[in-house]
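Since the structure comes first, as structure tokens, the remarks are kept for the end.
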Amino acid sequence: MTEDMSPAERYALARQRAAEQATALAPFREMYEFELDPFQIEACNALEAGKGVLVAAPTGSGKTIVGEFAVHLALTQGRKCFYTTPIKALSNQKYSDLVKRYGADKVGLLTGDNSVNAEAPVVVMTTEVLRNMLYAGSQELIGLGYVVMDEVHYLSDRFRGAVWEEVIIHLPESVTLVSLSATVSNAEEFGDWLDTVRGDTQVIVSEERPVPLWQHVLAGRRMYDLFEEETDHGGRGAARREVNPDLLRMARMENSRVYNPRERRRGKMIREADRERERRQRSRIWTPGRPEVIERLDAEGLLPAITFIFSRAGCEAAVQQCLYAGLRLNDDEARAKVRAIVEERTAAIPDEDLHVLGYFDWLEGLERGIAAHHAGMLPTFKEVVEELFVKGLVKAVFATETLALGINMPARSVVLEKLVKWNGEQHADITPGEYTQLTGRAGRRGIDVEGHAVVLWQRGMDPAALAGLAGTRTYPLRSSFKPSYNMAVNLVSQFGRHRSRELLETSFAQFQADKSVVGISRQVQKNEEGLAGYREAIECHLGDFEEYARLRRELKDRETELAKQGATQRRAAAAAALERLKPGDVIHVPTGKFAGLALVLDPGLPPGRSDRHRGFDHHDGPRPLVLTAERQVKRLASIDFPVPVEPLERMRIPRSFNPRSPQSRRDLASALRTKAGHIVPDRHRKGRAPAADDREISRLRTAIRSHPCHGCDEREDHARWAERYHRLQRDTRQLERRIEGRTNTIARTFDRICALLTDLDYLHGDEVTEDGRRLARLYGELDLLASECLREGVWDGLKPAELAACASALVYEARVADDAAPPKLPAGPAKDALGEMVRIWGRLDALEEQHKINQAEGVGQREPDLGFAWPAYRWASGHGLDEVLREIEMPAGDFVRWTKQLIDVLGQIAAAAPAGSPVTRNARKAVEGLLRGVVAYSSVG
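This note's numbering numbers the first residue of the sequence shown as 1 and each following residue consecutively.
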């Protein structure tokens, strides 16, 4: 190829190659057996040029290569690199990968409960650990050159997202930030913010999947393609995707009316043959069972597969259904390998715990190549499932959506049972972003030529809506950043209140809020230009026309107000008169369609009651039922009586009167005309208008007449411009209020938090008190409650197990609120201390309300949940796993996870407790009591 080049071109190419070889990227590329993608090369070049990068790319596209290049650069330059992940499982996985590449001496691990080689030049950690190091001013930050934030789109997480923004804002300027994200629709906006707070940041977006994804719908025995590719024959030859017409036909047929024998077609009964054909068509459409789906995928060569079921119980049930169906996906050799790996990984689990953990059913499923994966499983079990799946020894995994959030478990196929999931409050359709995240697991790079997403047919499914989900790439990154008490004292301690306020105003949350008011700000600017023009038009040579216009406006407003008051009083008088009517009263209806003489048959019900039989609602006042002189029976409304009505005469209504009988109506109407037809009703005389005697109106009229501008020849011209000026000024003020409501929102919340902390003596201006320094060491949703409990000595007299029970209320949150029965609590001091904690929370809650700190907005202290106090107490007291789990309805994985979090908060309490406090000693003993058995050998929390 070079033979065809000119000498100059060959020389230029040689220089380019020599320049590439001189970069750090060249030796890094040689470490991989495959060629890097263009987006990876672009990001690595930007990093080497000293820029920060934001890489947004689909799941499985290899964006972590860019993070690994940051590690390579740090080691080459003799600097440190921190690699942060959102969950401990990802930290463990990345730690293992980096150890294999660079050796255990150069790589460390820091999670909430693991610390391995923390002084190494490369340390993998959870994001919270880095946040805590930044606030503590850790010595480990010295020499830090790069920070990789994997899965940075976690920034949207309602509960933990604020931690990502805290890290991004507080990292030293000298640190280069590498942000790795799933494909988000507002990557440029996020990049603009990073550019603002971190300096030069290059945004690299790749929407191309490394492995093509095919979308299918499985209905009955047949798998349909969701899209059919059509060529545009308009001359350009471009392909466009259309929804498979077979699916649309199926949906129409299923949604058509079921056969009704009474229906006739062209005057004849539908023939038996037609009904039989319809039954045969319908019989082809059903939702296949779980074992049937796996068998079908196996036959099509589409395993390994992950089936997403939005329920833990559903995942376990799916495995059992496959076992009962006799499904076997592994041969004898694979079964032996599975058993060897499982026995090796679970050797540390005591034999007495295996039965409690459902080990033998779990092992049988694994040997057959089938497993569940969800947060309720024991972490060790989940790790084994992940390892076996990656090795191809487990071929069918039934998982909840948490699997889609990071663990490296790519499959050939992904199955979605339903497109609806429980979001904590209601069953809601999954979003395009969630669909993209879930199906992103399909297709293993370097193994599969293509990936497959299979959606099971459900009754009522709309193929067009599914195509919309599959074809949309809307996954916007929305900040969930909110200041907390801990954040406030840490910021004030380091920067003072004024500088802290400025820092918070640089958050992505404020950036997005400010951006949303740009359009409003532009409108305000246009309005202000218009106001300047109007101001010129109303200038009067005789005096201040703005003042004159204000007097006229005040007069108009006062007259309008008095007119409204008069109308209200007249309506009240009319309603009062209607309430005094009785059956047999003869009245004169003053206005409306039925104006004239009328006999009251029923005065109507009093306000607030309803006549359910007639469908009338009387909340607007009485609605009398009357017989008119023209023989009509009508129910009137208050609108028919603008003035009070008085009875003209009384009449007896015969018992035999039937309002539905024309004869009855005719006879009674005749009697009405005879009795009262000659009476002329009194004309209602209007009283003196309130405005006539109003002093304010008199004053304003006098001021207007005496104003210099009143004698201007162009007065009415000026007045019209003044009215336009007033309307535009009013609109502009409304827009300014909207801007004020959206800007500085984070800083205002911070001010409220600081005011509350000042009331509680945690802050004195820019000074953090001793109590405040204790609060700075407590992280979590209930940081302030924990600090108050330490200050008031609530836990001083507790034994270690009792302290564990109380501390559990700071971390535990039931998955589903259950008000049926109060939780079981340890008796004695622990129960008293828990009661005192709830009392303190009540006091804090009232104080938050006073300072307008709103829990609904994610700020403030939720009520402590006592649901984990009993199991925490029992486990810390040394009881066996079987005993503890038998008393509570909680999966072993949940028990381990909550216990790990409890251990973490007890460590914080031990560090924050006052010097010499028994709480420090007892918290450490509680940790020792909790960190045993199933909890101790679970490396992931």
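Every residue, glycine too, gets a C-beta built ideally from N, C-alpha and C.
For residue i, collect the residues of the same chain with a Cβ closer than 7 Å to its Cβ; drop the 5 residues on either side in sequence, then sort them by chain order.
i: E228; result: E242, N244
i: D602; result: P583, P624, L625
i: V643; result: R570, A574, P590, H684
i: Q40; result: G62, I65, V66
i: Y485; result: I753, L757, L775, D783, L784
i: D353; result: L881, G933, V934
Report yes if the CB atom of residue i is closer than 9 Å to the CB atom of residue j, and no otherwise.
i: G124; j: L141; result: Going by the sequence as given, residue 124 is Val instead of Gly. The answer is no: Cβ separation not under 9 Å.
i: T176; j: G50; result: yes
i: W841; j: L782; result: yes
i: K63; j: L155; result: no
i: K106; j: L75; result: yes
i: L757; j: Q861; result: no
i: V489; j: A923; result: no
i: M955; j: A809; result: Because the chain spans 1 through 941 in this model, residue 955 falls outside it and cannot be assessed.
i: T310; j: E401; result: Note that residue 310 corresponds to Phe in the displayed sequence, not to Thr. Yes, the Cβ-Cβ distance between F310 and E401 is below 9 Å.
i: Q729; j: L531; result: yes
i: G964; j: A598; result: In the structure as shown, the chain starts at 1 and stops at 941, and residue 964 therefore has no counterpart that could be examined.
i: D640; j: F594; result: yes
i: L303; j: R412; result: yes
i: D832; j: P918; result: no
Could you have a look at residue i and say whether DSSP puts it in helix, strand or coil?
i: M31; result: coil
i: G596; result: strand
i: Q901; result: helix
i: G956; result: Because residue 956 is not part of the residues shown, which for the chain are 1 to 941, the question remains open.
i: C540; result: strand
i: R733; result: helix
i: F750; result: helix
i: A827; result: coil
i: D602; result: strand
i: E242; result: strand
i: D429; result: strand
i: K634; result: strand
i: S787; result: helix
i: S6; result: coil
i: T628; result: strand
i: H879; result: coil
i: S115; result: strand
i: R265; result: Caution is warranted here: a pLDDT of 46 is assigned to R265, below 50, making its placement in the model unreliable, and no coordinate value can be reported.
i: L25; result: helix
i: V492; result: helix
i: L144; result: strand
i: R660; result: coil
Please name the residue or residues paired with residue i in a DSSP beta bridge.
i: M149; result: T84, S179
i: H216; result: D225, V454
i: V589; result: G596
i: I204; result: V55
i: V123; result: F82, G108
i: I370; result: A396
i: F308; result: A399, L416
i: A442; result: A411
i: E300; result: Paired residues: none, contrary to the question.
i: R843; result: In DSSP, R843 forms no bridge with anything.
i: R580; result: DSSP lists no partner for R580.
i: E767; result: H764
i: R198; result: Note: R198 sits in no beta bridge, so no partner.
Quick one: residues in its chain with C-beta nearer than 6 Å to the C-beta of residue i, no 5 flanking neighbours on either side, listed in chain order?
i: L248; result: P463
i: A755; result: H851
i: G451; result: V211, L213, A442, G443
Would you mind giving the Cβ-Cβ distance between residue i and residue j, rounded to the nearest angstrom? I have them listed as a contact below 8 Å.
i: L930; j: W875; result: 6 Å
i: M487; j: E166; result: 7 Å
i: T920; j: A936; result: No, T920 and A936 are not in contact; Cβ-Cβ is about 22 Å, not under 8 Å.
Can you find the residues in the same chain that come closer than 8 Å, C-beta to C-beta, to residue i, ignoring five residues on each side of it along the sequence?
i: E300; result: M223
i: T287; result: A219, L456, W457, Q458, R459
i: N186; result: P476, L477
Under a CB-based cut-off of 9 Å, is residue i close to chain D?
i: Q494; result: Any reference to chain D falls outside this structure, which holds one protein chain only.
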